[in-house]
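Read through the structure below, which is laid out as structure tokens, and then see the notes.
Residue numbers (the working numbering): 1 to 57.
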């Protein structure tokens, strides 16, 4: 799994989403390591907007 992408959708990772978001935010939202057709938006629209603003992707 690409650690630069948000966790995949579904309930299995819900307990870890906020920690993962904060970890990637501290790193400046690095670009993904590889291209994927699977959409991986952040958990909330506010988080997605922040990723786009800080990380540029």
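Positions of the beta carbon are idealized from the N, C-alpha and C atoms, including for glycine.
As assigned by DSSP and simplified to three states, the class of residue i
i: residue 52; result: helix
i: residue 16; result: helix
i: residue 21; result: helix
i: residue 32; result: coil
i: residue 45; result: helix
heavy atom of the ligand PLP below 7 Å from residue i C-beta
i: residue 27; result: Ligands in the displayed structure: none, and consequently the ligand PLP is not present.
Residue i burial status per 10 Å Cβ neighbour count (16 or more: buried)
i: residue 34; result: exposed
i: residue 29; result: buried
i: residue 23; result: exposed
i: residue 5; result: buried
Sequence-distant residues of the same chain with beta carbon closer than 7 Å to residue i, five excluded per side
i: residue 2; result: 32, 33 and 34
Proximal residues to residue i (C-beta, below 8 Å), its chain only, five neighbours per side dropped
i: residue 18; result: 43
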